[in-house]
Every structure is written in structure tokens, then in C-alpha cells.
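Right, one structure below, let's go through it.
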Amino acid sequence: MVEALRGRLHEVFGARMHSAYLYGSIPRGTAVPGVSDLDALVALHTAPDPTDRDRARALQEEIDAAFPQVDGGGILLDGVANLTSALERHDAGFFVACLCTPLAGPDLGARLPRYRPTSLLARETNGDLHLTLPRWRARLAEAATDDDLRVLSRRVARRLIRTGFTLVMPSWGGWTSDLTLAADVFGHYHPDRHGPMRTAAHTARNPGSDRDHLCALVEDLAPWLAREYAATHGLKAPRPAP
């Protein structure tokens, strides 16, 4: 599947593509066949346009249909200038340098600094959860099918795990992409919220269509986490409007 993706990326984006990366369970070697999704990033020489995004979406659907080993996923797009910019150095830049595995083309990580688990890194990676909450609430209100709820559950749970972990990351002094470990590290510092975060980790791996559970994540754990994050690390630097 990975080899097929590599070849198709070259065919679909051609000279537009600077480099491509995998992230998540597949490069970590922890993917569960038929359960785990495909996570990829394509860095383009210039900022992606709507046609690029349509092509990425179509390619992801093609790979998903052709390979039963993966269940859903997404191909992120970004421009080289943005990924290596000063504004994104502790967010998108960190993501490329530390969380992505090069798949094709020259590795942008060589242009980026060595990172440490600081409060600045925590703030710039996940210090915007408060801005995400209204979108989650709107998506939850619009969710009409079990598939809609499963997709949103996975997205919400993963983001809460990452945010909960980076809240305590500077104190712990390291980084992990393992969802269960991330929840347990968080729980060491916030034992009163360990149970809900462990439940979120389970949901991230096994998303369901339980609306009440999703509501609890969005209306209880997420607002608390947003407030705690802002008080501990501050708010992420504003980005230009899309």
C-alpha cells in the first residue's frame, strides 16, 4: 500500500510536489490491518489550491478502496514556505521534523531546528483548542448518520489525547505518539481526569456512534482542557484567515 501511494503521489502531483511523508501508526509499526487509517502529508512547492485538495481527496479514496488493510484516513497538503516559516516553526514545522517519516523527495526536517518539549512548543501545537470547540459542536449537531458520528468521534478523541498530552509534555520531558501512553502520562498529572482521557484513547482507536459519549467529550472534557491549557501555556499565536 505504501509503495502504491508513493507512486500515485508522483503521478497525481508531478512537479508540484516537493516531498511526501507518512505519520501515525503505519510508520510507527503499530497499525492494525483493517482498522488503522492512512495518514500522509504532501508538501507542495507552492500553497495548495482547491484542485490540489480535490486530487488529494480522490487519491485517498482510491487507496482506501484498493487496500482493505487501511480504513479511511487523509492526505494533508501544505506549501513548503508555510511548513518552514517562522510562524509555523513550533507547529507545522515540529510536525514535519519530529512526527513525520519521509516517503518521497528531500526531507524538510533538515531545514528545521532540533526541538525540545517546552511550553512554547505546547502552546503553538495545541493552544487553539478553544477555537475548535464551536466547529465540533456544529459538526455534532449536523451529524445525521452513524458514519458521521464515528468520523467525528475519531477526530475529537485524537485531538483531545494530543492536547492532553502536550499540556503536561514540558513536565514529563518527552514526546510520544502512543495514544494509551499519552493518556496515562496526562493522568499522572491530572488523576481526576485520567478516566475520561483513557476513554478518549479507546475511542480514538475504536470510534463508535454513541452520541452521548461524543457529547461528553465535546461538552465536558474539551472545555475543561481548553481552559487548563490557556491557563498553563497561553493561547496559540493567531494565524491569517484562510
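Numbers in my numbering are just positions in the sequence shown, counted from 1, shifted up by 1207.
In this text, a Cβ means the ideal position worked out from N, Cα and C, and glycines have one as well.
Check whether residue i and residue j have beta carbons under 7 Å apart
{"i": "Val1363", "j": "Leu1424", "result": "yes"}
{"i": "Ala1411", "j": "Arg1369", "result": "no"}
{"i": "Leu1442", "j": "Gly1312", "result": "no"}
{"i": "Asp1244", "j": "Val1219", "result": "no"}
{"i": "Thr1373", "j": "Thr1332", "result": "yes"}
{"i": "Leu1452", "j": "Leu1290", "result": "Outside the shown range of the chain, which is 1208 to 1449, sits residue 1452, and nothing can be said about it."}
{"i": "Gly1286", "j": "Thr1253", "result": "yes"}
Simplified DSSP assignment, three categories, for residue i
{"i": "Leu1248", "result": "strand"}
{"i": "Ala1444", "result": "coil"}
{"i": "Met1376", "result": "helix"}
{"i": "Leu1284", "result": "strand"}
{"i": "Leu1310", "result": "strand"}
{"i": "Ala1351", "result": "coil"}
{"i": "His1409", "result": "helix"}
{"i": "Met1208", "result": "coil"}
{"i": "Tyr1228", "result": "strand"}
Proximity to residue i [Cα-Cα], best of the options
{"i": "Ala1250", "options": "Gly1221, Thr1406, Val1242", "result": "Gly1221"}
{"i": "Leu1340", "options": "Leu1212, Ala1444, Asp1427", "result": "Asp1427"}
{"i": "Arg1434", "options": "His1337, Arg1405, Arg1400", "result": "His1337"}
{"i": "Ala1293", "options": "Leu1356, Gln1267, Leu1212, Pro1320", "result": "Pro1320"}
{"i": "Pro1414", "options": "Val1242, Arg1361, Arg1213, His1401", "result": "Arg1361"}
{"i": "Asp1246", "options": "Asp1261, Ala1227, Asp1256", "result": "Ala1227"}
{"i": "Ala1438", "options": "Glu1349, Leu1356, Ser1416, Val1375", "result": "Val1375"}
{"i": "Arg1318", "options": "Glu1295, Pro1447, Pro1403", "result": "Glu1295"}
Cβ separation of residue i and residue j, assumed to be a contact under 8 Å, to the nearest whole Å
{"i": "Phe1301", "j": "Leu1328", "result": "6 Å"}
{"i": "Ala1390", "j": "Arg1405", "result": "5 Å"}
heavy atom of the ligand SAM below 6 Å from residue i C-beta
{"i": "Arg1346", "result": "Of the ligands one can find in the structure shown there are none, so the ligand SAM has no counterpart to examine."}
Quick one: any contact between the region 1250-1268 and the region 1280-1290, if contact means 3 or more CB pairs under 8 Å?
-> Contact holds: three or more Cβ-Cβ distances are below 8 Å.
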